[in-house]
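Numbering (our numbering), first residue to last: 15 to 656. Have a look at the structure below, then the notes.
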């Protein structure tokens with residue numbers, strides 16, 4: 015019991031440390047100081063919808079264009095996310111108000127949308143698209159105010175404020191489509207401390223927008239491109255009729271407000287969109303449950319093993335013991351190499367590669383170095399790390415292949431370098447073809463694809479070969495008992511020793527520990543939320559490693575007690591059992607949380623989910639396999655074998 019208390023105390027210290035890391039923030043870029051009347055550039059990122067999962071670039075719709083369109087040079091992560099950052103014609107100057115200004119075309123010559131363009135806009139409004147803009151690298155947000163379920167008196171005083179990423183392209187009323195053609199930008203600045211005789215400097219700390227739909231006739235515009243907004247009550251919205259040409263004006267206004275928020279904490283508004291309280295309770299709950307269960311499991315296993323080893327090592331009872339059943343009876347077969355050792359070692363090598371990559375990414379992100387302000391940094395880091403971790407994957411795969419009496423190391427290294435990445439690349443390429451067909455910016459451009467292939471064959475493959483070569487040359491793992499020449503017959507197994515039953519049983523505990531976190535990760539991927547709770551994620555990852563290892567040890571112990579020595583593949587499959595539950599959860603999430611109805615978005619969802627499940631199975635299977643292998647070597651080293 016003191017063992018459990020010790021664990022809980024250690025856990026609470028860890029939680030307190032992680033609470034600190036959650037709010038810690040290392041900015042991705044240096045702050046930009048603006049003087050009064052300096053231009054603040056507004057750029058467009060993309061259009062997104064959680065209903066179609068297909069991002070589009072900003073100028074795929076007939077918005078006002080500047081005289082020269084320039085796209086920002088992007089990193090790998092931004093390209094893979096579908097960001098296409100481009101300049102816009104909005105003229106915004108620091109601390110300079112604008113009541114209402116026409117964006118393009120003179121007031122007497124409104125923008126005319128063709129029937130095709132009108133149809134496209136109407137379709138995007140129906141698909142619930144959001145427009146994403148940035149000012150000084152801060153994404154635009156729409157303020158949502160609502161009353162929470164508080165007491166009646168409090169209701170009058172206080173509203174709850176939440177922010178939505180981007181702004182809605184338009185809205186539907188019945189069967190009519192309305193476009194948000196007027197944007198009221200509200201920018202907040204923080205005045206920096208300067209010396210007396212210097213000009214004051216400002217920093218942008220928040221970027222909000224109030225989108226409005228105002229009919230052409232109600233926007234009273236003069237020759238200087240100034241306009242007057244109608245009274246809120248008397249204006250009609252700007253309808254887009256998809257069956258005919260439509261005339262409208264794109265207008266905007268700018269309002270500046272001073273704010274106490276410092277530049278370093280300007281992202282807090284965007285990151286506190288979900289209730290962190292729930293997160294804490296659920297995490298502590300799962301931590302306590304998992305450590306409690308794992309403590310009990312450890313105690314049971316250690317006690318039983320001690321009894322077993324003591325019995326097996328009694329010299330005088332050796333004859334009686336041999337008559338009994340138990341794990342000692344299979345000592346001559348437990349290290350017999352399995353079928354397909356090359357494939358097993360290749361999959362485990364990829365699992366090690368994934369494990370190292372995920373561990374480093376989560377740890378670095380927890381320290382705040384991959385914050386959402388450095389766009390695409392997380393994905394770029396993950397891609398490069400996976401390539402460079404090939405040397406570790408190759409080393410472990412090579413050493414295991416040698417232990418399993420393999421001889422063709424070159425073929426084994428090639429298999430390790432291409433099996434899992436080949437499947438990932440194949441699925442992504444097929445999905446990419448469908449996205450290309452939809453002309454979405456989410457499609458990976460051909461040059462980027464060639465660059466990824468060059469990284470795979472130019473960085474990852476040579477490193478895997480290098481690691482494999484050294485792993486294969488190294489002394490194989492030392493197995494404590496000799497393998498008999500003739501395989502022992504395996505007795506008939508009980509129903510609960512079936513592989514599928516094992517997968518179901520072994521997956522519950524690791525999945526239970528992490529499924530709350532899974533909800534937040536899914537929301538970040540599929541509903542365009544920011545994910546930043548890497549402190550929590552690191553803790554969950556540790557729990558996952560602990561629970562996978564322990565479940566794997568318990569399962570392999572039961573299997574050996576049932577005199578079934580074919581544990582190599584089975585442990586790898588059973589330890590990845592939580593991946594099956596992740597798949598079930600993904601289907602539940604698709605049905606209950608997402609509004610996806612069309613074929614291609616559904617295909618994308620299940621294609622990417624299949625990749626996630628496969629990667630998760632490799633990761634958890636590898637953790638479980640190595641835990642079980644260490645356990646098996648340990649227990650057979652502890653008994654005397656004649």
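Just so you know, even glycine gets a beta-carbon here, dropped at the ideal spot from N, CA and C. Computed from a prediction, not measured in an experiment: that's the story for all the values here.
Suppose you measure from the CA of residue i to the CA of residue j; what does that come to, to the nearest Å?
i           : j           : result
residue 245 : residue 548 : 46 Å
residue 341 : residue 351 : 18 Å
residue 283 : residue 119 : 35 Å
residue 98  : residue 401 : 25 Å
residue 223 : residue 154 : 7 Å
residue 589 : residue 58  : 45 Å
residue 138 : residue 75  : 9 Å
residue 536 : residue 500 : 50 Å
residue 344 : residue 639 : 19 Å
residue 270 : residue 382 : 29 Å
residue 632 : residue 304 : 22 Å
residue 410 : residue 362 : 8 Å
residue 330 : residue 319 : Residue placement at residue 330 cannot be trusted, given a pLDDT of 48 that sits under 50; the coordinates are not used to answer.
residue 134 : residue 256 : 8 Å
residue 486 : residue 346 : 25 Å
residue 417 : residue 551 : 35 Å
residue 297 : residue 213 : 49 Å
residue 379 : residue 649 : 38 Å
residue 249 : residue 110 : 27 Å
residue 52  : residue 108 : 5 Å
residue 315 : residue 353 : 29 Å
residue 643 : residue 606 : 40 Å
residue 237 : residue 123 : 10 Å
residue 114 : residue 157 : 20 Å
residue 273 : residue 56  : 20 Å
residue 131 : residue 142 : 17 Å
residue 348 : residue 178 : 57 Å
residue 491 : residue 582 : 14 Å
residue 94  : residue 456 : 7 Å
residue 325 : residue 508 : 25 Å
residue 601 : residue 619 : 10 Å
residue 598 : residue 538 : 19 Å
Quick check: residue i and residue j, are their CB atoms within less than 8 Å of each other?
i           : j           : result
residue 197 : residue 144 : no
residue 218 : residue 116 : no
residue 281 : residue 204 : no
residue 365 : residue 635 : yes
residue 259 : residue 128 : yes
residue 192 : residue 148 : no
residue 96  : residue 388 : no
residue 578 : residue 511 : yes
residue 307 : residue 553 : no
residue 184 : residue 227 : yes
residue 86  : residue 146 : no
residue 220 : residue 610 : no
residue 446 : residue 458 : yes
residue 252 : residue 229 : yes
residue 651 : residue 300 : no
residue 443 : residue 567 : no
residue 621 : residue 393 : no
Where DSSP assigns a beta bridge to residue i, which residues make up the other side?
i           : result
residue 266 : 115, 197
residue 216 : 48, 205
residue 101 : 57
residue 184 : 193
residue 260 : 127
residue 254 : 191
residue 221 : 201
residue 145 : 61, 181
residue 85  : 100
residue 11  : Because the chain is modelled from 15 through 656, residue 11 falls outside the range shown and cannot be assessed.
residue 272 : 203
residue 226 : 196
residue 78  : None; residue 78 has no bridge partner.
residue 466 : Residue 466 pairs with nothing; no bridge assigned.
residue 644 : Bridge partners of residue 644: none, in fact.
Determine, for residue i, whether the minimum Cβ-Cβ distance to residues of chain C falls below 8 Å.
i           : result
residue 137 : Of the chains in the structure shown, none is chain C; there is only one protein chain.
What I want to know is whether the C-beta of residue i ends up closer than 7 Å to one or more non-hydrogen atoms of the ligand MG.
i           : result
residue 296 : This structure simply doesn't include the ligand MG, nor any ligand for that matter.
Worksheet entry | Complete alpha helix (DSSP H) runs within the region 567-630 (minimum length 4 residues, chain order) | Listed in chain order, they are 582-589, 591-606.
Discussion item. Give the list of continuous alpha helix (DSSP H) stretches no shorter than 4 residues that lie fully inside the region 351-439.
Written reply: Listed in chain order, the complete alpha helix (DSSP H) runs (minimum 4 residues) inside the region 351-439 are 355-380, 391-402, 404-417.
Fill in: Uninterrupted alpha helix (DSSP H) stretches inside the region 278-325 (no shorter than 4 residues)
Segments of the alpha helix (DSSP H) lying fully in the region 278-325: 282-285.
Discussion item. Check whether the region 625-634 and the region 590-610 touch, using three or more Cβ-Cβ pairs below 8 Å as the test.
Written reply: A contact exists between the region 625-634 and the region 590-610.
Discussion item. For the pair the region 475-488 and the region 414-428, tell me if three or more CB-CB distances fall below 8 Å.
Written reply: Enough Cβ pairs lie closer than 8 Å, so yes.
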